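When you line the sequence shown up against the working numbering, it's residues 10 to 253, in that order.
Notes for the one structure printed next.
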Amino acid sequence: MKKTLVFALLAIAAISSADLSISIGIRETGATGAWGSNGGTGGGIEWVNLDGQTLVTDGTWQTFTFNFQSDLLTAFAGSTANGAYDGTTGTLEHIRIVNTGGHTEAMTLWIDDIMTTEPTGAMTTWGDFESFSAGDEAVFQEAGFSGSTAGNVLAGSTSAVDDTVSASGLNSSRQDFQFVDGTTSRWIRLTTFNTPNQPNPLIDFSDGSSLSFKMRSADPVPEPATMTILGLGALVAAARKRRK
Numbered sequence: 010m011k012k013t014l015v016f017a018l019l020a021i022a023a024i025s026s027a028d029l030s031i032s033i034g035i036r037e038t039g040a041t042g043a044w045g046s047n048g049g050t051g052g053g054i055e056w057v058n059l060d061g062q063t064l065v066t067d068g069t070w071q072t073f074t075f076n077f078q079s080d081l082l083t084a085f086a087g088s089t090a091n092g093a094y095d096g097t098t099g100t101l102e103h104i105r106i107v108n109t110g111g112h113t114e115a116m117t118l119w120i121d122d123i124m125t126t127e128p129t130g131a132m133t134t135w136g137d138f139e140s141f142s143a144g145d146e147a148v149f150q151e152a153g154f155s156g157s158t159a160g161n162v163l164a165g166s167t168s169a170v171d172d173t174v175s176a177s178g179l180n181s182s183r184q185d186f187q188f189v190d191g192t193t194s195r196w197i198r199l200t201t202f203n204t205p206n207q208p209n210p211l212i213d214f215s216d217g218s219s220l221s222f223k224m225r226s227a228d229p230v231p232e233p234a235t236m237t238i239l240g241l242g243a244l245v246a247a248a249r250k251r252r253k
């Protein structure tokens, strides 16, 4: 009976949250200016630490950090994309989100506190969304915007500043979308390309610099199978109590 209860609890943990793989794409524009300002749209796009980090969809804020010049690049798009760092500045072109956990439900993610750290240690939080109003589309386009991955999500995805959920301050970026199915290779290119507010944000990727941001999912909602297991766990616990 005890083993059955342990199995039930382990199954609940496995079903109630699943993973998304997280990495970023940078565009090597070579622009200059303040971090987070418009860095342009010219140049190749490289993936940084491709699918190397994980968001557990358990409703908690999690921090993602990318260390430039040491994190490996993988060429993605453009004639100059070559899997190597060309220059020291460019833009955060997108966040790559892969459906590693096989999600089929409607999903909500929040992003906050996007920060550039220079080799000197100077930190600039340029993506805190505090200067925007609720409902504004800022930094990121909606999940279905990019032609690269629009076929991976159902119609109706949205991107908007949310003033009800944040890692710090009052605001964050809220992304609502749904994968078309549970295929684990499906991904979203959450692009910054010409977003109405704060598009193509300029970042530093010189040696020793990094980019970090915080992300979380909505609180997990138990699937029917999870509810069945919860019921099993309750029955087992009740049976053990009666035996005592």
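Glycine is no exception: its CB is placed at the ideal position from the N, C-alpha and C atoms.
Just so it is clear, the structure is predicted and the values come from calculations on it, not from any experiment.
Per DSSP, the bridge partner or partners of residue i
{"i": "N209", "result": "DSSP lists no partner for N209."}
{"i": "E55", "result": "I35, A84"}
{"i": "S221", "result": "T74, M124"}
{"i": "Q62", "result": "I31"}
{"i": "V107", "result": "S30, W196"}
{"i": "T134", "result": "M124"}
Euclidean distance between Cα positions of residue i and residue j
{"i": "N209", "j": "V107", "result": "22 Å"}
{"i": "E214", "j": "T113", "result": "Correcting the residue type first, residue 214 is Phe in the shown sequence and not Glu. The straight-line gap from Cα to Cα measures roughly 35 Å."}
{"i": "I120", "j": "N58", "result": "19 Å"}
{"i": "E37", "j": "A115", "result": "33 Å"}
{"i": "G130", "j": "S218", "result": "8 Å"}
{"i": "S79", "j": "A93", "result": "11 Å"}
{"i": "D122", "j": "S177", "result": "7 Å"}
{"i": "S140", "j": "S30", "result": "29 Å"}
{"i": "S166", "j": "T158", "result": "12 Å"}
{"i": "G87", "j": "T193", "result": "26 Å"}
{"i": "D28", "j": "T109", "result": "6 Å"}
{"i": "S32", "j": "A84", "result": "13 Å"}
{"i": "A20", "j": "G53", "result": "With a pLDDT of 42 at A20, under the threshold of 50, the predicted position of this residue should be treated as unreliable, though the coordinate-derived value follows. About 44 Å."}
{"i": "D171", "j": "T201", "result": "17 Å"}
{"i": "G51", "j": "I197", "result": "21 Å"}
{"i": "L211", "j": "N47", "result": "6 Å"}
{"i": "D60", "j": "F75", "result": "12 Å"}
{"i": "G191", "j": "G49", "result": "35 Å"}
Reduced DSSP secondary structure (H/G/I, E/B, other) of residue i
{"i": "G45", "result": "coil"}
{"i": "A169", "result": "strand"}
{"i": "A5", "result": "Since the first residue shown for the chain is 10 and the last is 253, residue 5 is missing from the structure and cannot be characterised."}
{"i": "L179", "result": "coil"}
{"i": "A147", "result": "strand"}
{"i": "E139", "result": "coil"}
{"i": "V174", "result": "coil"}
{"i": "H112", "result": "coil"}
{"i": "Q184", "result": "strand"}
{"i": "G99", "result": "strand"}
{"i": "T69", "result": "coil"}
{"i": "S226", "result": "strand"}
{"i": "R198", "result": "strand"}
{"i": "T117", "result": "strand"}
Own chain, CB closer than 8 Å to residue i, minus 5 neighbours either side, in chain order
{"i": "Q71", "result": "L64, V65, K223, M224, R225"}
{"i": "T89", "result": "E37, G52, G53, D95"}
{"i": "L179", "result": "E139, D172"}
Close beta carbons around residue i, own chain, < 7 Å, minus the five adjacent residues each side
{"i": "L199", "result": "H103, I104, I106, F149, A152, Q184"}
{"i": "E127", "result": "D213, S218"}
{"i": "A143", "result": "V170, D171, D172"}
6 Å CB neighbourhood of residue i in its chain, flanking five on each side removed
{"i": "W135", "result": "W44, G45"}
{"i": "D216", "result": "Q78"}
{"i": "T117", "result": "D185, A227"}
C-beta atoms of residue i and residue j nearer than 8 Å
{"i": "S182", "j": "F138", "result": "yes"}
{"i": "A227", "j": "G111", "result": "no"}
{"i": "A164", "j": "E146", "result": "no"}
{"i": "N161", "j": "V189", "result": "yes"}
{"i": "L220", "j": "L81", "result": "no"}
{"i": "F73", "j": "Q62", "result": "yes"}
{"i": "T41", "j": "T98", "result": "yes"}
{"i": "G39", "j": "W56", "result": "no"}
Closer than 8 Å to chain D by CB, residue i
{"i": "W119", "result": "Protein chain content of the structure displayed is limited to a single chain, and chain D is not contained in it."}
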